[in-house]
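Here the structure is laid out as structure tokens; the discussion comes afterwards.
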Amino acid sequence: MTIFSRRTFVSAGTAALALSRPTAGQAAAPAISLPKDVARRDAATVMAVKTTTPVVAMTFDDGPHPSLTPKLLDMLKARNLRATFYLIGNRVVTWPDIVKRIADEGHEIGNHSWSHPNLAKRSNASVLSEIDRTTDAIYKVTGRPPVTFRPPYGAFTKRQRLMLYNERNLPTILWSVDPEDWRRPGASVVSKRILKYSRPGAIILSHDIQSGTVRAMPNTFDGLTARGLRFGTVSQMMGWPLWQSRNFRRVSSKG
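All the letters of the sequence shown, read from the start, carry residue numbers -27 to -1, 1 to 228 under mature numbering (1 follows the signal peptide of the UniProt record, and there is no 0).
Laid out in structure tokens, this is it:
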């Protein structure tokens, strides 16, 4: 298995990272909860980005979905917006054409594990296997590996976050806005929650495998834009180059 490493890590981006407690009303549901130690600042963990620029990152987890993700991509393309997709490895190999389209249209692809398990109680070897297998799958389709990771359910301990950062140079990306769309509250509720709690530097959690979420996106995109907010990928918000323009080098597998 090939292990990838970023050639350059932008220190200015690191300095811009900030952790923040969710605003009242943003607390994640028990099934998608942030680690208890997440409020402790560390370089390996990102919930939001400290910025004066009016930019937010829309992120979509658990895809690609064979019909919903293309509809979402059409919406983004019509508005010339960029988003970040945290993809599951076993879905990447099932729908590679959609994955390629995500990358070709300027969106960022992040690693969301191979099979979407709760990683919090897994061994380091098991965690790295889930992540490396997904990285390889994304690389084979797009020609580049992901540079950020989001744990399923947000279940990833501080020890694991630091381990992943040290072993693979991957920061763990969490979120600052959670509309709890997985509960299927309806498109209007999802949109209202995102619009209510989003502010510059926000990382917005959502799931493009949920039909209600995809239906919520036109009002969400247009509402955020009307407030003067722009859309960037997670990497862009952290001060890194656009994912499609990054340079990478191969590192020999450790076994």
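Note that CB positions come from ideal geometry on N, CA and C, so glycine has one too.
- One thing to note: alanine 98 has its Cβ no nearer than 9 Å to the Cβ of threonine 130.
- With contacts defined as CB atoms closer than 9 Å, alanine 30 and valine 207 qualify as a contacting pair.
- The distance from the Cβ of leucine 54 to that of aspartate 181 is about 14 Å, inconsistent with a contact at the 8 Å cut-off.
- Burial state of asparagine 142 is exposed, judged by a 10 Å Cβ sphere holding fewer than 16 other Cβ atoms.
- Here DSSP, grouped into helix, strand and coil, assigns aspartate 181 to coil.
- Per DSSP, reduced to three states, the secondary structure at glutamate 153 is coil, with no helix or strand assignment.
- For methionine 31, the secondary structure class from DSSP, reduced to helix, strand or coil, is strand.
- Valine 19 and threonine 145 have their C-alpha atoms some 6 Å from each other.
- Within its own chain, the residues whose Cβ lies closer than 7 Å to the Cβ of arginine 106, once the five positions on either side in sequence are excluded, are Gly62 and Trp87, listed in chain order.
- Residue state for asparagine 53 is assigned as coil, using DSSP reduced to three classes.
- Here phenylalanine 194 carries a helix assignment [DSSP, helix/strand/coil].
- Within the same chain, Asn97 come within 7 Å of methionine 136 by CB-CB distance, once the 5 residues on both sides are set aside.
- Taken atom to atom, the span from the alpha-carbon of alanine 16 to that of histidine 85 is near 19 Å.
- Alanine 110 and valine 66 have their C-alpha atoms spaced approximately 6 Å apart.
- Put simply, of Phe122, Phe33, Gln133 and Trp216 the residue whose alpha carbon is nearest the alpha carbon of alanine 189 is Phe33.
- When the five nearest sequence neighbours on each side are left out, the beta carbons in the same chain lying within less than 6 Å of the beta carbon of arginine 166 are those of Pro152, in order along the chain.
- Of the other Cβ atoms in all chains shown, fewer than 16 fall within 10 Å of the Cβ of threonine 26; this residue is therefore exposed.
- Separation of leucine 49 and threonine 57 (C-alpha to C-alpha, rounded to the nearest whole angstrom) is 11 Å.
- In this structure, the alpha-carbon of leucine 178 lies about 24 Å from that of arginine 95.
- Residue pairing by DSSP puts isoleucine 146 in a beta bridge opposite Val19.
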